[in-house]
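Q: Got a structure for you, questions after.
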Amino acid sequence: MAADKQILFRKLPAVDQLLANPVIEKALVSHPKGLVLKAINLVLDGFRADIREGSIVEPGPEFEAESVSLRVLERLELISMPSLRNVINATGVVVHTNLGRSILPEKALERFNSIAGGYSNLEYDLDNGTRGSRYVHVEEILKELTSAEAAMVVNNNAAAVLIALETLAKDREVVVSRGQLVEIGGSFRIPDVMRKSGAKMVEVGATNKTHLKDYEEVIGPQTALLLKVHTSNFQVVGFTEEVPMPELVKLGERHGIPVMEDLGSGCLVDLSNFGLIKEPTVQESLALGADLVTFSGDKLLGGPQAGIILGRRDLVQAIRRNQLNRALRIDKLTLVALEETLRLYRDQRLAMKEIPTLAMICHSYDSLREKADRLHKLVSNTKSNNFSIELIDGSSKVGGGALPLQELKSRILCLIPGKLSSQQMEFWFRAYAPPLITRLERDRVVFDVRTIQEREFEIVARAIKDLAVAESLEGRM
Ligand SMILES: *Cc1c(COP(=O)(O)O)cnc(C)c1O
329 MAADKQILFR KLPAVDQLLA NPVIEKALVS HPKGLVLKAI NLVLDGFRAD
379 IREGSIVEPG PEFEAESVSL RVLERLELIS MPSLRNVINA TGVVVHTNLG
429 RSILPEKALE RFNSIAGGYS NLEYDLDNGT RGSRYVHVEE ILKELTSAEA
479 AMVVNNNAAA VLIALETLAK DREVVVSRGQ LVEIGGSFRI PDVMRKSGAK
529 MVEVGATNKT HLKDYEEVIG PQTALLLKVH TSNFQVVGFT EEVPMPELVK
579 LGERHGIPVM EDLGSGCLVD LSNFGLIKEP TVQESLALGA DLVTFSGDKL
629 LGGPQAGIIL GRRDLVQAIR RNQLNRALRI DKLTLVALEE TLRLYRDQRL
679 AMKEIPTLAM ICHSYDSLRE KADRLHKLVS NTKSNNFSIE LIDGSSKVGG
729 GALPLQELKS RILCLIPGKL SSQQMEFWFR AYAPPLITRL ERDRVVFDVR
779 TIQEREFEIV ARAIKDLAVA ESLEGRM
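Per the numbering used here, the sequence shown starts with residue 329, numbered consecutively.
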């Protein structure tokens, strides 16, 4: 048996033989030799593994140099593709963390390009010709939009919470309700961040109910901060009680202890004006007396990944002076995208229209219907045994741990399984170039038009038509 395998191994074409094959020689014109060799070795390793496992027992036509070379070419295409690529989000989840959260406004992209491609006054004071601060570029506008006393930004909201706790509560105590010890997407948990910051967490209340007296009872000389955390991706419903911000603030004031709120998503626009569930805005949290608030730049704000810290001047200044800040600082590309996103908020109507995250969340059902009709029209005469197409009502989600209970009425294009199963179709779209990320619902493949951009319709339609005539899914599966 082992001897047979040795014979099979030897029947595989040699690397040099493959390199001399016309197909590979042609590929060598446009690809570096190292990459071609890598592709050759990957393909040969694949064959060897198949032989070892016994799934190849005799040399067939697939062993011929010609055929192996074609496989190498396919593999070469795959490995020479960039790893980070555009995908089409057909899931209907607007702030999809796995798909890059928010897409930036057009205006931000323009500025992003020009700042990325040139020198800038990132840390240069143009008035005095001296060293400046990178934070000034968003500080004033953040203060203007929120009436905060002071503002700063870091890498993301996790960093904002970490540096705030480290600065204000290291080796001291932070009081937080048991109902707010959240985990966000597995990588951010309040108790873990607290530990990393060196602060000691003092949990109070029960999962469903926390009263003011629960906080009051644990306040002592070691208490540095009262922390309120937005529960983001879950909601405790039923017999529940949280201490409202104004009461927490009064308690803090009585003891000279600041109150911080981790808002998570942090929205600058009151979305209840657009028919959504009421969420406290950043401005409201500050107006209610929070000494410090933190939130993400790329969730409901609709900008780039960033962590925004607003609040009392003395507290923000202390955070800014923290050495950790050097490690958590925001880079210039993020900064310019954030500045440009924030500038749109000066005119709320403009913000709702030009910030894609807000525009998609508040897209009216009527206009989604029309949008869906336009997509449907591109594929309506597609006939296939593989699936059938139906256009129906559905619902999308905000995502990003914001408004978890909010259903957004939408219009969805469904592929109902025929010869192909819904799993096969989902996989096929994911392997498409560019990848189309769909969702499965009641054994159908769903394209939610809320998160598909109009400019992507042609691609979606082409993919659906390609799948309609796909004979076999081999090579794609
Ligand atoms: C999302 C979230 C975070 C983490 O924010 P990132 O910007 O992803 O680092 C922290 N706290 C809450 C409450 C959140 O919802």
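Ideal Cβ positions, reconstructed from N, Cα and C, are used throughout, including at glycine.
1) Measuring only the C-alpha atoms, how far is residue 644 from residue 589?
2) Inspect the beta-carbon positions of residue 450 and residue 462 and report whether they are closer than 8 Å.
3) Could you tell me which of 536, 580 and 524 sits nearest to residue 549, measuring between CA atoms?
4) How big is the Cα-Cα spacing for residue 523 and residue 761?
5) Closer than 7 Å to a non-hydrogen atom of ligand 1 - does that hold for the CB of residue 624?
6) Just the residues with CB closer than 5 Å to a heavy atom of ligand 1, in chain order, which are they?
7) What residue range does the beta strand (DSSP E) around residue 737 cover?
8) Below 7 Å CB to CB, which residues in the same chain sit around residue 557 once its five sequence neighbours on both sides are set aside?
9) Which same chain residues end up closer than 7 Å to residue 396 when comparing Cβ atoms and leaving out the 5 residues on each side of it in sequence?
10) By the DSSP assignment, the alpha helix (DSSP H) with residue 541 in it spans what residues?
11) Secondary structure at residue 465, three-state DSSP: helix, strand or coil?
12) May I have the straight-line CA-CA distance separating residue 665 from residue 383, to the nearest angstrom?
13) Do we get a CB-CB distance below 8 Å when we pair residue 667 with the residues of chain C?
14) Should residue 349 go down as buried or exposed, given a rule of 16 or more other Cβ atoms within 10 Å for buried?
15) Measuring only the C-alpha atoms, how far is residue 660 from residue 387?
16) Could I get the ranges of all uninterrupted beta strand (DSSP E) runs contained in the segment 541-620, with 3 residues as the minimum, in chain order?
17) Opposite residue 458 in the DSSP bridges: which residues?
18) Spatial neighbours of residue 831 within its chain, please: C-beta separation below 6 Å, excluding the five flanking residues on both sides.
19) Given this structure, state the Cα-to-Cα distance separating residue 425 from residue 628, to the nearest angstrom.
20) In angstroms, rounded to a whole number, what distance separates the CA positions of residue 465 and residue 357?
A: For this structure:
1) Here residue 644 corresponds to residue number 316 of the sequence shown, with the count starting at 1. Here residue 589 corresponds to residue number 261 of the sequence shown, with the count starting at 1. Here the alpha carbons of residue 589 and residue 644 stand approximately 14 Å from one another.
2) Residue numbering aside, residue 450 sits at position 122 when the sequence shown is read from its first letter. Residue numbering aside, residue 462 sits at position 134 when the sequence shown is read from its first letter. Yes, the pair counts as a contact, with Cβ atoms nearer than the cut-off.
3) If you number the sequence shown from 1, residue 549 lands on position 221. Of the candidates 536, 580 and 524, the residue whose Cα lies closest to the Cα of residue 549 is 580.
4) Along the sequence shown, read from residue 1 onward, the residue named residue 523 stands at position 195. Along the sequence shown, read from residue 1 onward, the residue named residue 761 stands at position 433. Cα to Cα, residue 523 sits roughly 43 Å from residue 761.
5) The count along the sequence shown starts at 1 and reaches residue 624 at position 296. With a threshold of 7 Å, the Cβ atom of residue 624 counts as near ligand 1, since some heavy atom of the ligand is closer than that.
6) Having a Cβ closer than 5 Å to some heavy atom of ligand 1 are 484, 485, 486, 512, 516, 558, 560, 590, 592, 624 and 729.
7) The residue labelled residue 737 in the question sits at position 409 within the sequence shown. That run of the beta strand (DSSP E) goes 736-745.
8) Looking up residue 557 in the sequence shown gives position 229. Hits under 7 Å: 504, 508, 510, 518 and 590.
9) Taking the sequence shown and counting its residues from 1, one reaches residue 396 at position 68. When the five nearest sequence neighbours on each side are left out, the beta carbons in the same chain lying within less than 7 Å of the beta carbon of residue 396 are those of 341, 346 and 371, in order along the chain.
10) Along the sequence shown, one-based indexing puts residue 541 at 213. First-last of the alpha helix (DSSP H) with residue 541: 540-546.
11) Counting from one through the sequence shown, the residue named residue 465 turns up at place 137. Reduced to three states, the DSSP call for residue 465 is helix.
12) Counting from 1 along the sequence shown, the entry for residue 665 is found at position 337. Counting from 1 along the sequence shown, the entry for residue 383 is found at position 55. Each residue's Cα considered, the two are about 52 Å apart.
13) In the structure shown, chain C cannot be found, because there is only a single protein chain.
14) Stepping through the sequence shown from its first residue, residue 349 is reached at position 21. It counts as buried.
15) As a working mapping, residue 660 is identified with position 332 in the sequence shown. As a working mapping, residue 387 is identified with position 59 in the sequence shown. Each residue's alpha carbon lies about 57 Å from the other.
16) Unbroken beta strand (DSSP E) stretches of 3 residues or longer found wholly inside the segment 541-620: 551-557 and 587-592, given in chain order.
17) Counted from its first residue, the sequence shown places residue 458 at position 130. In the DSSP output, where bridge partners are listed per residue, residue 458 has 453.
18) No answer is possible for residue 831: it lies beyond the span of the chain, which begins at 329 and ends at 805.
19) To locate residue 425, count along the sequence shown from 1; it is residue 97. To locate residue 628, count along the sequence shown from 1; it is residue 300. Inter-residue distance for residue 425 and residue 628 is about 12 Å (C-alpha atoms, whole angstroms).
20) Your numbering for residue 465 matches position 137 in the sequence shown. Your numbering for residue 357 matches position 29 in the sequence shown. In this model, residue 465 and residue 357 are separated by some 47 Å (Cα to Cα).
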